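Participant: Numbering (our numbering), first residue to last: 798 to 1071.
A virtual CB, placed ideally from N, CA and C, is assigned to each residue, including glycine.
Being a predicted model, the structure only gives us computed values, none of them experimental.
Pasting in a structure now, in C-alpha cells, and then I'll have a few things to ask.
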Amino acid sequence: MYGVRGGTYTIVEAFEKLARELGVQIITNTDVNHIVIEGKKAIGVDTIKGFIAGDEIIANIDALTVYEKMLPKSKRNKWTKREPSVSGYAMLLGVNKQYDQLVHHNVFFPENYQDEFISIFDRGEMPDDPTIYICYSGYSDPTMTKKQTSNLFVLVNAPYINEKTDWEQLREPLMEKILQKLEEKGLVDLRENIAYIQTMTPADIKRNTGAYQGAIYGMSSNNIQQAFSRIPNKANDYDHLWFVGGTAHPGGGTPIVTLSGKLVAEEIIRRYKK
C-alpha cells in the first residue's frame, strides 16, 4: 500500500504552493452566490464580495449543487431529479491509547449486513447496526501521531438527507452508539481515552462541501442510466462552463477526480491554442 507522507492533505498543499509559484491568485472564504450567465455564455461568478469575471468558469463543487443553486431554474430539474448516493456519518478521534488489533484500514461488519442496505436504500433511515470503518493512518505513518496515541477516522454509511432524519438531534446519540460498539469490538476503554473528537453528519457534509443532499459519491449508481450517465465535463447548456469532481465525468475517488481536472485543463488549453 502506498500513501503520502504527512497525509493526503499534503497533496492539496502542494497544489496550492505550485499554483502560487505560477502566479495564480487564490481567493478563500468567499461564498459564490451564482454563476453569471449572459445569453448562453458563462461570464463569471457573483460572490458575497462582488462580481468576478472569467473567460472560463470551472465548477469543482458537486455539479448537482451547481444546477440546483447556481444556474437558472429552467436547467435545474434535468439533473437534480436524479437520486443521490449514500452519505456518511464520520468521527475524527484523537485517542491517548494505541490498539494493537488496528491496522491502517479496518472494517467491523454487523451480524446482519443486509439490514444495513435495507435501512439506508429502501427506508432512507440510519441502520441500527451499521458497518464501521476505521482509518488509522498513524499505523503506516508514525509522523501522524505521538507515541502511545492513535488518530482514528471513523465512518459509517448513512442515508442522504431527507425529511426523516434530524441530524443535529441524532449527532450525539449516534456518536455514543458507535463508540460503544467499538468498545464491544475490542477497543477497550476507548471513550475514556478520547482527547479530541469531531463529528460530521450528512448535514455538515452538505454545508461544508456543497455535496448535493450530503451524498458523498455524487449520484447513485443503482440503475444503469445513472451508473453510466455522469454529468459531462463541458456543460451542454452554456458555453465556457466546465465541471470537475466526483459527480462529473469520469467519476468519484481522489485519483479519478484529479483526472477530471486534468481532462478539463487539457481541453481548455487545446481550445486556446487553435
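#1: Taking 8 Å as the threshold, find out whether the region 972–985 comes into contact with the region 937–946 through three or more Cβ pairs.
#2: Check the DSSP bridge columns for asparagine 948 and list the partner residues they point to.
#3: Which two residues bound the contiguous alpha helix (DSSP H) that contains threonine 807?
#4: Just list the beta strand (DSSP E) runs in the region 900–929, keeping only unbroken ones of 3 residues or longer that don't cross its boundaries, in chain order.
#5: Alpha carbon to alpha carbon, how far is asparagine 954 from threonine 928?
#6: Looking only at its chain, what residues have a beta carbon closer than 7 Å to the beta carbon of leucine 976, apart from the 5 residues adjacent to it on each side?
#7: Using 8 Å as the threshold, is the region 992–1001 in touch with the region 955–964, meaning 3 or more CB pairs across them?
#8: Cβ of threonine 844 within 8 Å of Cβ of aspartate 828?
#9: Where does the unbroken beta strand (DSSP E) through asparagine 1086 begin, and where does it stop?
#10: Expressed to the nearest angstrom, what Euclidean distance is found between the alpha-carbon atoms of glycine 800 and lysine 870?
#11: Could you check if alanine 1027 is buried or exposed, using at least 16 other CB atoms within 10 Å of its CB as the buried criterion?
#12: Return the chain-ordered list of same chain residues with a C-beta closer than 8 Å to the C-beta of leucine 967, the five sequence neighbours on each side being excluded.
#13: Go ahead and pull the three-state DSSP assignment for serine 884.
#14: Below 8 Å, can you find three or more Cβ-Cβ pairs linking the region 910–924 to the region 847–859?
Facilitator: Taking the coordinates as given:
#1: The region 937–946 and the region 972–985 do not touch, with fewer than three beta-carbon pairs separated by less than 8 Å.
#2: Within the sequence shown, the letter at position 151 stands for residue 948. Answer is Gly891.
#3: In the sequence shown, the residue the question calls residue 807 occupies position 10. Run containing threonine 807: 806–818, per the alpha helix (DSSP H) assignment.
#4: 902–905
#5: On the sequence shown, residue 954 is found 157 positions in, with the first residue counted as 1. On the sequence shown, residue 928 is found 131 positions in, with the first residue counted as 1. So the alpha carbons of these two residues sit roughly 7 Å apart.
#6: Along the sequence shown, one-based indexing puts residue 976 at 179. For leucine 976, the CB contacts under 7 Å within the same chain, skipping 5 residues up- and downstream, are Leu987, Arg988 in chain order.
#7: yes
#8: Taking the sequence shown and counting its residues from 1, the one referred to as residue 844 is at position 47. Taking the sequence shown and counting its residues from 1, the one referred to as residue 828 is at position 31. Contact flag set, yes.
#9: Nothing about residue 1086 can be read from this structure; the chain reaches only from 798 to 1071.
#10: To locate residue 800, count along the sequence shown from 1; it is residue 3. To locate residue 870, count along the sequence shown from 1; it is residue 73. Their Cα atoms are separated by approximately 42 Å.
#11: For the purposes of this step, residue 1027 is taken as residue 230 along the sequence shown, with counting starting at 1. For the sequence presented, residue 1027 should be read as arginine rather than alanine. When all chains shown are included, arginine 1027 counts as buried.
#12: As a position in the sequence shown, residue 967 is number 170, starting the count at 1. Contacts found: Met923, Thr998.
#13: Locating residue 884 in the sequence shown gives position 87, counting from the first residue. Strand at serine 884.
#14: In this structure the region 910–924 does not lie against the region 847–859, because fewer than three pairs of beta carbons, one per stretch, are closer than 8 Å.
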